[in-house]
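Remarks on the structure that follows.
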Amino acid sequence: MTSSVDLLLVLVVLTNFLAVGTSRLRVCIRASAMQGMMLAMLPLLAHREAGWRAFVLAGGTALLKGWLIPRLLMDAIREVRIGREVTPFLGFVPSLVICAIGTALALVFSDRMPLAPEHVSSLYVSTALSGLLSGFIILVARRKAIMQVVGYVLVENGIFVFGLLLIEAMPFMVEVGVLLDLFAGIFIMGIVLNHIRNEFESLDTAHLADLKED
Amino acid sequence: MLDLAFHVALVLLLPPLLLGVINKTKAAFAGRVGPPLLQAYWDLVRLFRKDAVLSRTTTWIFRAGPVVAISTALGAALLVPLGGHAAPVAFSGDVILFAYLLGLGRFFTATAALDTGSAFEGMGAAREVSFSALAEPALFFGLLVLVRTSGALSLSLMMAAPWNTASTVAGAALVLVVVSWFLVLLAENSRIPFDDPNTHLELTMIHEVMVLDHSGKAFGLVLWGAAIKLFVFAALVANLLPFRSDDVALGWAAFVCSMLLVAGVVGVVESVMARFRLVRVPQLVVSASLLAALGLVLLVR
Chain A
1 MTSSVDLLLV LVVLTNFLAV GTSRLRVCIR ASAMQGMMLA MLPLLAHREA
51 GWRAFVLAGG TALLKGWLIP RLLMDAIREV RIGREVTPFL GFVPSLVICA
101 IGTALALVFS DRMPLAPEHV SSLYVSTALS GLLSGFIILV ARRKAIMQVV
151 GYVLVENGIF VFGLLLIEAM PFMVEVGVLL DLFAGIFIMG IVLNHIRNEF
201 ESLDTAHLAD LKED
Chain B
215 MLDLAFHVAL VLLLPPLLLG VINKTKAAFA GRVGPPLLQA YWDLVRLFRK
265 DAVLSRTTTW IFRAGPVVAI STALGAALLV PLGGHAAPVA FSGDVILFAY
315 LLGLGRFFTA TAALDTGSAF EGMGAAREVS FSALAEPALF FGLLVLVRTS
365 GALSLSLMMA APWNTASTVA GAALVLVVVS WFLVLLAENS RIPFDDPNTH
415 LELTMIHEVM VLDHSGKAFG LVLWGAAIKL FVFAALVANL LPFRSDDVAL
465 GWAAFVCSML LVAGVVGVVE SVMARFRLVR VPQLVVSASL LAALGLVLLV
515 R
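Keeping their order, the protein sequence lines are chains A and B. In terms of our numbering, the first sequence opens at residue 1 and continues consecutively. In terms of our numbering, the second sequence opens at residue 215 and continues consecutively.
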């Protein structure tokens, strides 16, 4: 059981890498969708004893992270006709290297954390930290606002993995609250995207640093 | 004894079939009939009946190139266990010999290309060595992961039963190594997305451009050697797939099936992807190394 959870968590890390290393928005969004689906499987594998709550959480996660948010993002890039990130603030190879170093450090660091005994050897904490880090890298290093939304989703996925550690101790309302937060966040970002587009006719966030005269 | 005979027979005869499977898969994706499954064998027979033309600028290095390339590939193939059956040659530390036999073959292919004095072939040689320099860490990190899980330094022992380990993270690390080595397979054998094996006389190709001046029997050796190299890398990946059997006959059958499966996956990748621009190639090779390195960190933390 633990080994299948660990395999799934490694796949989650791989999708993080895919999202950080690609220049195509479509691939990046697909990576986040795949990651959402994998995260939805996690509570089923890890917390059978949680019963119907695990199923509700899995269903909600799959619906929201695996289907709805990626669909909204796909619609958005179809509308604005952006294919790829051309000139990122930080190149793709350096981002990947930083992401890998960060993941390695997360693996080392998670050993030193005072965790509950049943979580000590598992990969939850390091996957969560690695997800947070890759999300931040995308948020900071990419110009296109849609790419940054995906970065935000990855950060939230990292928090979700971390939250799975607590599913027994904490009411799952916390999880639902996080999902709701994410959904609200995506909505606000959608509105912001719309404003950026109306103002500058492009989704390049570098324009936001320009001073406008007219 | 029977295992030895099987090993040698597979190494000599199976490689061109892998090419056939790849081409058939690509043809199926494109809706074509495609070349016959055994086309690569007929190509070899045709080439071995021809005489070679040698340029006057070339020296013995040019003639040694294909011979060294195929013999090092065969040597490496003798070190790799095939599906749990120990390799004919196995000793502690043979992983190093394995990696550098492949390196020696690459060195001679590249030097033979330079020996022709053609700028075009020099360019291909430069590309080949720079990409494989980036791919080598991925191979070594993957080998280190296996050394760590099995505690042995011989390829045959390392790959005897990679999935039978007590550690729970070993499985996760092995998955990373499989992905990483598959990328190395594609890069080292000049497959899409690194290089397109179907293009000739294009400015972007890597392996094909180095062997443009070889003809006849020498070119036959080059093609056969390249197929054996593909076989060796596919065997590395196939050894890590969890299809095994304790029964001797079933074990060999499982191995051949996993080899054909790897070839099929290569064909699928080639059908659904386009070749990368040259500047994007190092990115993918570096990420292969990073994956394998991450697998190692997972184990040693």
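Backbone N, C-alpha and C define an ideal beta-carbon position, used for all residues, glycine too. Computed from a prediction, not measured in an experiment: that's the story for all the values here.
Subject >> Nearest residue (CA-CA) to Met373(B), options Leu426(B), Leu293(B), Pro351(B) >> reply: Leu293(B)
Original post:
For Arg84(A), which residues does DSSP report across the bridge?
Top reply: Arg24(A)
Original post:
Does DSSP put His221(B) in a helix, in a strand, or in coil?
Top reply: helix
Original post:
Below 9 Å between beta carbons: does that hold for Ala58(A) and Leu42(A)?
Top reply: yes
**OP:** Kindly give me the distance between the Cβ atoms of Glu342(B) and Ile420(B), rounded to whole angstroms, as I take these residues to be in contact under 8 Å.
**Re:** 5 Å
Subject >> Residue from Trp466(B), Arg489(B), Val514(B), Ser501(B) whose Cα sits closest to the Cα of Ala223(B) >> reply: Trp466(B)
Subject >> C-alpha distance - Ala54(A) paired with Thr61(A), whole-angstrom precision >> reply: 10 Å
Original post:
DSSP three-state call for Leu296(B): helix, strand or coil?
Top reply: strand
**OP:** Please name the residue in Gly434(B), Gly481(B), Ser472(B) whose C-alpha comes closest to that of Lys264(B).
**Re:** Gly434(B)
**OP:** Compute the beta-carbon to beta-carbon distance between Ala33(A) and Gly66(A), rounded to the nearest angstrom, for a pair I have assumed lies under 8 Å.
**Re:** 6 Å
**OP:** Compare the beta carbon distance of Glu484(B) and Arg362(B) with 9 Å and say whether it is the shorter of the two.
**Re:** no
Subject >> Cα-Cα separation between Leu311(B) and Gln497(B), rounded to whole angstroms >> reply: 28 Å
Subject >> Start-end ranges of the alpha helix (DSSP H) lying completely within the segment 269-313 of chain B, minimum 4 residues >> reply: 274-293
Subject >> Chain-ordered chain A contacts of Gly385(B) [CB-CB under 9 Å] >> reply: Ser3, Ser4, Asp6, Leu7, Val10
**OP:** Would you mind listing the alpha helix (DSSP H) stretches within the segment 54-132 of chain A that are 4+ residues and don't spill past its ends, in chain order?
**Re:** 69-80, 92-111
Original post:
In the segment 397-475 of chain B, which residue ranges form an unbroken alpha helix (DSSP H) of at least 4 residues, counting only runs that do not cross its ends?
Top reply: 421-424, 430-454
**OP:** Mind checking who Asp204(A) pairs with in its DSSP beta bridge?
**Re:** Lys144(A)
Original post:
Taking the Cβ atom as the reference point for each residue, do Ala384(B) and Leu513(B) lie within a distance shorter than 9 Å?
Top reply: yes
Subject >> Residue nearest to Val425(B) in terms of C-alpha spacing, selected from Phe354(B), Ala291(B), Val389(B), Gly331(B) >> reply: Gly331(B)
Subject >> Inter-stretch contact (C-beta, 8 Å, three-pair minimum) for the segment 258-275 of chain B and the segment 469-488 of chain B >> reply: no
Original post:
What residues in the segment 69-94 of chain A have a beta carbon less than 7 Å from any beta carbon of chain B?
Top reply: Phe92, Val93
Original post:
With distances taken between CB atoms, is the gap from Ala386(B) to Gly234(B) smaller than 9 Å?
Top reply: no
Subject >> Start and end residues, alpha helix (DSSP H) containing Met372(B) >> reply: 369-372
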